[in-house]
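Enquirer: For the sequence shown, our numbering assigns the number 68 to the initial residue and increments by one for each residue that follows. We treat Cβ as the ideally placed atom computed from N, Cα and C, and that holds for glycine.
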Amino acid sequence: MAVTGWHRPTWVEIDCAAIQANIQNEQAHLPDDVALFAVVKADAYGHGMLEVAKTAKKAGAKGFCVAILDEALALREAGFDDFILVMGAVPQSFARLAAEKQIALTVFDLDWLTGLELLPVNLDVHVKVDTGMGRLGLRSMEAVREIEAEIVKREDVTLDGIFTHFATADQLETSYFEKQLACFREVVASMVTRPTWVHCANSATALLHDQVDFDAVRFGISMYGLTPSPEIIPVLPFELRPALSWYTEMVQVKELFPGDCVSYGATYEANEREWVATLPVGYADGFIRAYSGFEVSVDGVLMPVIGRVCMDQCIIKLPHKYSVGTKVTLIGSPNSADVAARHLNTINYEVTCLISERVPKKYI
Numbered sequence: 068m069a070v071t072g073w074h075r076p077t078w079v080e081i082d083c084a085a086i087q088a089n090i091q092n093e094q095a096h097l098p099d100d101v102a103l104f105a106v107v108k109a110d111a112y113g114h115g116m117l118e119v120a121k122t123a124k125k126a127g128a129k130g131f132c133v134a135i136l137d138e139a140l141a142l143r144e145a146g147f148d149d150f151i152l153v154m155g156a157v158p159q160s161f162a163r164l165a166a167e168k169q170i171a172l173t174v175f176d177l178d179w180l181t182g183l184e185l186l187p188v189n190l191d192v193h194v195k196v197d198t199g200m201g202r203l204g205l206r207s208m209e210a211v212r213e214i215e216a217e218i219v220k221r222e223d224v225t226l227d228g229i230f231t232h233f234a235t236a237d238q239l240e241t242s243y244f245e246k247q248l249a250c251f252r253e254v255v256a257s258m259v260t261r262p263t264w265v266h267c268a269n270s271a272t273a274l275l276h277d278q279v280d281f282d283a284v285r286f287g288i289s290m291y292g293l294t295p296s297p298e299i300i301p302v303l304p305f306e307l308r309p310a311l312s313w314y315t316e317m318v319q320v321k322e323l324f325p326g327d328c329v330s331y332g333a334t335y336e337a338n339e340r341e342w343v344a345t346l347p348v349g350y351a352d353g354f355i356r357a358y359s360g361f362e363v364s365v366d367g368v369l370m371p372v373i374g375r376v377c378m379d380q381c382i383i384k385l386p387h388k389y390s391v392g393t394k395v396t397l398i399g400s401p402n403s404a405d406v407a408a409r410h411l412n413t414i415n416y417e418v419t420c421l422i423s424e425r426v427p428k429k430y431i
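1) Using 8 Å as the Cβ pair cut-off and three pairs as the minimum, do the region 280 to 287 and the region 100 to 114 touch?
2) Among LYS388, LEU203 and MET290, which residue has its Cα nearest to the Cα of VAL440?
3) Compute the Euclidean distance between the alpha carbons of GLY367 and LEU303, then round it to the nearest angstrom.
4) I'd like to confirm the pairing. Which residues does DSSP put opposite LYS384 in its beta bridges?
5) In its own chain, which residues sit with a C-beta less than 7 Å from the C-beta of ALA407, not counting the 5 before and 5 after it?
6) For GLU167 and SER364, what's the separation of their Cα atoms in angstroms?
7) What's the call for ALA85, buried or exposed, on a 16-neighbour Cβ count within 10 Å?
8) Using the rule of at least 16 other Cβ atoms within 10 Å of the residue's Cβ for burial, across every protein chain shown, is VAL106 buried or exposed?
9) Going by alpha carbons, who is nearest to GLU316 out of TYR430, MET116, PRO262 and PRO347?
10) Count the other C-beta atoms from every protein chain shown that fall within 10 angstroms of the C-beta of LEU239, then say buried if there are 16 or more, exposed otherwise.
11) Run through DSSP, which three-state label would TYR389 get?
12) Does the distance from the C-beta atom of ALA171 to that of VAL153 stay below 8 Å?
13) Sort GLU213, VAL219, THR260 and HIS266 by Cα distance to PHE233 and report the nearest one.
14) If contacts are defined as beta-carbon pairs under 8 Å, then LEU190 and ASP237 qualify, I think. What distance do you get, rounded to the angstrom?
15) State the Cα-Cα distance for the pair GLU341 and LYS388, rounded to the nearest angstrom.
16) Can you tell me the Cα-Cα spacing of ASP137 and HIS410, whole angstroms?
17) Pull up the distance between the alpha-carbon of GLY130 and that of PRO301, whole angstroms please.
18) Do we get a CB-CB distance below 8 Å when we pair VAL224 with the residues of chain C?
19) Can you tell me the Cα-Cα spacing of GLN87 and GLU336, whole angstroms?
20) Judging by CA-CA distance, which residue of LYS125, LYS394, VAL192 and SER359 is the nearest neighbour of LEU180?
21) Hey, PHE354 and CYS381 are a contact pair by Cβ (cut 8 Å); roughly how many whole angstroms apart?
22) Could you say which of THR393, VAL279, PHE175 and VAL174 lies nearest to GLN94 if we only look at CA atoms?
23) Measuring alpha carbon to alpha carbon, tell me which residue in THR294, THR272, GLU215 and ILE135 is nearest SER259.
24) Counting only the same chain and skipping the five closest in sequence on each side, list residues whose C-beta sits under 7 Å from that of ARG375.
25) Could you name the residues of the same chain whose beta carbon sits closer than 7 Å to that of LYS198, not counting the 5 residues immediately before and after it, in chain order?
26) In angstroms, rounded to a whole number, what distance separates the CA positions of PRO295 and VAL254?
27) What residues in its chain sit with their C-beta under 8 Å from that of GLY115, if we drop five residues either side in the sequence?
28) Just the Cα atoms here: how many angstroms apart are SER390 and LYS384?
29) Determine the direct distance from the alpha carbon of GLY155 to that of ARG206, and round the result to whole angstroms.
30) Please name the residue, chosen from ASP277, THR263 and VAL318, that lies closest to PHE244 on a Cα-to-Cα basis.
31) In its own chain, which residues sit with a C-beta less than 7 Å from the C-beta of VAL188, not counting the 5 before and 5 after it?
32) Could you tell me which of GLN319, ALA351 and SER312 sits nearest to CYS83, measuring between CA atoms?
33) Is the Cβ-Cβ distance between ALA404 and LEU293 less than 8 Å?
34) How would you call ASN89, buried or exposed, if buried means at least 16 neighbouring beta carbons within 10 angstroms?
35) Pick out whichever of GLY127, ALA126, LYS121 and LEU164 has its Cα sitting closest to the Cα of GLY146.
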């Protein structure tokens with residue numbers, strides 16, 4: 068059973084107005100007849116799936132994309148009757164459940180379809196084409212035509228969509244992207260019947276490339292106000308508003324003396340008298356050990372994490388004595404998820420997805 072830590076001073080705040088603004092700005096950027104599907108997989112990239120889904124629907128999202136069937140089922144159980152697509156692999160044994168819940172599944176293998184028992188209710192499927200990502204997907208026009216013909220034979224399966232995913236859409240150099248795009252267009256043109264939903268755009272593609280020939284975009288990381296990659300920031304069509312901030316409070320403040328050490332391994336040793344604070348957050352919360360040396364913020368003043376981050380606590384060096392209970396910004400202006408990603412040598416997606424369920428979320 069997941070336990071959320073409501074009774075300690077560590078929490079995440081989600082700005083729903085920022086999510087709404089990011090969606091509406093993207094919708095204004097799209098052709099009028101192109102729908103926006105909100106990608107809420109992985110607990111909405113750490114932002115909280117159900118609350119984000121409510122906000123996205125209110126902002127005009129026409130449906131949702133998730134990675135696993137359980138995420139789709141959670142949306143249905145919460146009362147969402149909108150279009151939902153599971154973009155990952157779902158075993159045949161759960162196809163009936165998906166059909167009963169009117170959840171669209173991704174098909175990327177002919178054998179999956181031919182081996183599927185006759186379903187008592189209709190199942191909508193979206194065919195995934197591998198145009199160069201190398202993950203799930205059919206790799207040829209012939210394979211797409213075969214699976215299209217197989218679907219036509221069945222009375223229990225409807226070809227509702229076809230899609231692909233780009234490997235380099237978040238890069239300014241577009242030659243590989245253009246190659247993938249041309250491949251996808253060729254595949255779609257070869258189909259006997261164009262499905263209802265032809266979609267190829269993740270956040271980067273939706274922001275940077277024309278969607279005039281397509282029916283929907285899958286708006287993910289940028290819905291949360293985070294850029295798909297730092298290099299495209301100068302060419303974004305509008306400013307993204309980050310929605311997530313992560314806070315904690317000082318639970319103990321103490322003075323160290325020369326020679327005093329901090330945390331496991333005694334990797335930090337004070338060279339002079341200095342003030343430090345213990346924070347009730349650690350790698351079990353997603354504030355991983357690699358955050359050692361990262362600078363958190365108190366009223367805009369940056370202060371380094373010293374020593375090793377523990378499972379439930381970490382220590383920061385203070386410029387002077389502070390009071391217990393002083394608020395500390397772990398992620399948020401000026402130390403954004405992008406800044407944290409640079410420190411961790413990763414991407415902002417991972418920064419927010421790492422935040423664990425035991426950190427409570429407050430929606431503002």
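Expert: According to the structure data:
1) The answer is yes - the region 100 to 114 touches the region 280 to 287, with three or more Cβ pairs under 8 Å.
2) No statement about residue 440 is possible, as the shown extent of the chain runs from 68 to 431 and does not include it.
3) Rounded to the nearest angstrom, the two C-alpha atoms are 27 Å apart.
4) Partner(s): VAL343.
5) Hits under 7 Å: PHE361, ILE398 and VAL418.
6) One C-alpha to the other measures close to 49 Å.
7) By the neighbour-count rule (16 or more Cβ atoms within 10 Å), ALA85 is buried.
8) The residue is buried, with at least 16 neighbouring Cβ atoms inside 10 Å.
9) Measuring from the Cα of GLU316, the nearest candidate turns out to be PRO347.
10) That one is exposed.
11) Coil, per DSSP.
12) Contact flag set, yes.
13) If you compare the alpha carbons of GLU213, VAL219, THR260 and HIS266 with that of PHE233, the shortest gap goes to HIS266.
14) Contact flag wrong, Cβ pair sits at about 33 Å.
15) Rounded to the nearest angstrom, the gap between the Cα atoms of GLU341 and LYS388 is 9 Å.
16) When only Cα atoms are considered, ASP137 and HIS410 end up about 33 Å apart.
17) Their Cα atoms are separated by approximately 29 Å.
18) In the structure shown, chain C cannot be found, because there is only a single protein chain.
19) For GLN87 and GLU336, the distance between alpha carbons rounds to 46 Å.
20) Nearest Cα to LEU180 within the set LYS125, LYS394, VAL192 and SER359: VAL192.
21) 7 Å between Cβ atoms; contact.
22) When the alpha-carbon of GLN94 is set against those of THR393, VAL279, PHE175 and VAL174, the nearest one is in VAL279.
23) In the sequence as presented, Ser is not what sits at residue 259; that position holds Val. The shortest Cα separation from VAL259 among THR294, THR272, GLU215 and ILE135 belongs to GLU215.
24) Taken in chain order, the residues that qualify are SER330, TYR331, GLY332, THR334, ARG356 and SER359.
25) Reading the sequence as shown, one finds Thr at residue 198 and not Lys. Apart from sequence neighbours up to five positions away, the residues of its chain that approach THR198 with a beta-carbon distance below 7 Å are THR231, GLN247, CYS250 and PHE251, ordered along the chain.
26) In this structure, the straight-line span from the alpha carbon of PRO295 to that of VAL254 is close to 26 Å.
27) These residues qualify, in order along the chain: ILE81, LYS428 and TYR430.
28) About 14 Å.
29) About 17 Å.
30) Closest by alpha carbon: ASP277.
31) Same-chain partners within the cutoff: ALA166 and GLU167.
32) Nearest C-alpha to CYS83: SER312.
33) The answer is yes: Cβ separation under 8 Å.
34) Buried, since its Cβ has 16 or more Cβ neighbours within 10 Å.
35) The residue from GLY127, ALA126, LYS121 and LEU164 with its alpha-carbon nearest to that of GLY146 is LYS121.
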